[in-house]
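Each remark here refers to the structure printed beneath this line.
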Amino acid sequence: MARKRKNRSLLLRLIQLSLVVVALILIFCNLWVLGSTGGRVFSDVSEIESNPVGLVLGTSKKVAPETANPHFENRVAAAAELYHEGKIERLIVSGHREKYYDEPGDMIAKLRELGVPASVLTRDDAGHRTLDSVVRARKVFDCDQITIISDDFHVNRALFIADRVGLNAVAFRGERVEFEESMQARVREYLARVKAVLDLYFLGTEPSELSGMAEG
Numbered sequence: 010m011a012r013k014r015k016n017r018s019l020l021l022r023l024i025q026l027s028l029v030v031v032a033l034i035l036i037f038c039n040l041w042v043l044g045s046t047g048g049r050v051f052s053d054v055s056e057i058e059s060n061p062v063g064l065v066l067g068t069s070k071k072v073a074p075e076t077a078n079p080h081f082e083n084r085v086a087a088a089a090e091l092y093h094e095g096k097i098e099r100l101i102v103s104g105h106r107e108k109y110y111d112e113p114g115d116m117i118a119k120l121r122e123l124g125v126p127a128s129v130l131t132r133d134d135a136g137h138r139t140l141d142s143v144v145r146a147r148k149v150f151d152c153d154q155i156t157i158i159s160d161d162f163h164v165n166r167a168l169f170i171a172d173r174v175g176l177n178a179v180a181f182r183g184e185r186v187e188f189e190e191s192m193q194a195r196v197r198e199y200l201a202r203v204k205a206v207l208d209l210y211f212l213g214t215e216p217s218e219l220s221g222m223a224e225g
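Residue numbering for the sequence shown follows my numbering, starting at 10 and increasing by one per position.
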């Protein structure tokens with residue numbers, strides 16, 4: 010009986026220690042990503058530097074059949090604002106595409122509605138995740154200086170990836186989506202930052218596709 014209690018106590022301590030280690034890793038990775046990139050995130054178009062290329066990170070047009078995705082609307086609006094204010098010359102619109110799902114196509118259509126000419130839009134259908142989009146901007150589209158456009162909680166990770174692959178980048182965040190509407194994405198981002206550190210510094214993860222361009 011005493012041995013069982015001892016084993017149970019040891020197991021409990023191991024579980025507690027594991028939870029502490031996981032929490033420390035989570036905190037460390039998030040502080041690293043945010044701390045190393047925070048000074049390059051802008052929300053005022055008048056304050057951000059001009060760059061030849063903007064990279065719009067893809068997201069779905071709708072969150073439900075009849076419900077628009079505010080992240081989509083805000084990212085596209087931010088990209089159009091940068092273009093019209095002369096802060097970028099052209100845009101890479103990067104996202105995931107399947108037979109009935111086309112993030113780059115939907116975003117390009119909206120950008121055209123907002124007055125951005127087709128001649129300055131390049132679509133990247135292989136932006137299956139943030140790492141893919143950023144690394145492809147460097148290695149496929151041959152960018153060396155870029156403005157990343159996405160949500161406030163997302164752009165730091167994209168900048169962190171850009172730093173690792175030698176891409177000189179700043180970020181412009183779209184209008185902030187209310188916490189109630191973005192809570193799930195914000196919580197997921199804490200874990201995504203840990204994954205970014207693992208991918209870039211331990212696993213050497215590369216995009217699933219490192220060739221091909223699709224012009225918008």
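We treat Cβ as the ideally placed atom computed from N, Cα and C, and that holds for glycine.
Kindly provide the ranges of any beta strand (DSSP E) runs that are 3 or more residues long and lie completely inside the region 155-211, ordered along the chain.
177-182
Report the rounded CA-to-CA distance for Arg-121 versus Ile-155, giving the unit in angstroms.
As a first step, residue 121 must be located in the sequence shown, where it is residue number 112. As a first step, residue 155 must be located in the sequence shown, where it is residue number 146. Each residue's alpha carbon lies about 21 Å from the other.
Is there contact between the region 127-141 and the region 77-86, where contact requires at least three CB pairs shorter than 8 Å?
no
Spell out a yes or no on whether the region 96-103 and the region 65-82 are touching, meaning 3 or more CB-CB pairs, one atom from each, closer than 8 Å.
yes
Using alpha carbons as the reference points, say which of Ser-45, Val-50, Val-29 and Glu-98 lies closest to Pro-61.
Counting from 1 along the sequence shown, the entry for residue 61 is found at position 52. Checking every option, the nearest Cα to that of Pro-61 belongs to Glu-98.
Rounded to whole angstroms, what is the Cα-Cα separation between Leu-33 and Arg-197?
Taking the sequence shown and counting its residues from 1, one reaches residue 33 at position 24. Taking the sequence shown and counting its residues from 1, one reaches residue 197 at position 188. Taking the straight line joining both Cα atoms gives about 17 Å.
When Arg-195, Phe-169, Val-125 and Leu-123 are compared against Arg-142, the one with the closest alpha-carbon:
The sequence position of residue 142 within the sequence shown is 133, counting from 1. The sequence as given places Ser at residue 142; Arg does not occur at that position. Closest option to Ser-142, Cα to Cα, is Phe-169.
I need the straight-line Cα distance from Gln-193 to Lys-71, nearest angstrom please.
Stepping through the sequence shown from its first residue, residue 193 is reached at position 184. Stepping through the sequence shown from its first residue, residue 71 is reached at position 62. Each residue's Cα considered, the two are about 15 Å apart.
Please report the distance separating the alpha-carbon of Glu-107 from that of Arg-145.
Counting from one through the sequence shown, the residue named residue 107 turns up at place 98. Counting from one through the sequence shown, the residue named residue 145 turns up at place 136. Distance between the alpha carbons of Glu-107 and Arg-145 is about 18 Å.
Skipping 5 residues on each side, what residues in its chain have a beta carbon closer than 6 Å to that of Ala-178?
Position 169 of the sequence shown, counting from 1, holds the residue named residue 178. Excluding positions up to five away in sequence, the list reads Ile-155, Ile-157, Leu-168 and Ala-171.
If Arg-166 sits next to Ala-201, beta carbons under 8 Å apart, how far is it from one beta carbon to the other, in whole angstroms?
Stepping through the sequence shown from its first residue, residue 166 is reached at position 157. Stepping through the sequence shown from its first residue, residue 201 is reached at position 192. At roughly 6 Å, the Cβ-Cβ gap stays under 8 Å, so Arg-166 and Ala-201 are in contact.
Quick one: Cα of Gly-175 to Cα of Arg-147, how far?
Mapped onto the sequence shown, residue 175 falls at position 166. Mapped onto the sequence shown, residue 147 falls at position 138. Computed Cα separation, rounded: 8 Å.
Please classify Pro-74: is it buried, with 16 or more other beta-carbons within 10 angstroms of its beta-carbon, or exposed?
Looking up residue 74 in the sequence shown gives position 65. Counting Cβ neighbours within 10 Å, Pro-74 comes out exposed, since fewer than 16 surround it.
Can you list, in chain order, the stretches of the alpha helix (DSSP H) that have 4 or more residues and sit fully within the region 39-109?
79-93
Hey, out of Asp-153, Cys-152, Glu-112 and Glu-184, whose CA is closest to His-163's CA?
For the purposes of this step, residue 163 is identified with residue 154 of the sequence shown, where counting begins at 1. Of the listed residues, the one whose Cα sits closest to His-163 is Glu-184.
What did DSSP end up calling Thr-214 once you bin it into helix, strand or coil?
As a working note, residue 214 is residue 205 in the sequence shown. Coil, per DSSP.
Leu-40 versus Phe-211, Tyr-199, Leu-207 and Pro-216, residue with shortest Cα-Cα distance:
Walking along the sequence shown from the start, residue 40 turns up at place 31. Considering only alpha carbons, the answer is Tyr-199.
Comparing alpha-carbon positions, which option in Tyr-210, Val-206 and Glu-218 lies nearest Val-42?
Your numbering for residue 42 matches position 33 in the sequence shown. It is Val-206 whose Cα lies nearest to the Cα of Val-42.
Provide the residue span of the alpha helix (DSSP H) that contains Arg-227, from first to last.
Lying outside 10 to 225, the shown extent of the chain, residue 227 is not represented and no answer is given.
Any idea what DSSP makes of Asp-133, helix, strand or coil?
Stepping through the sequence shown from its first residue, residue 133 is reached at position 124. DSSP places Asp-133 in strand when its eight states are reduced to three.
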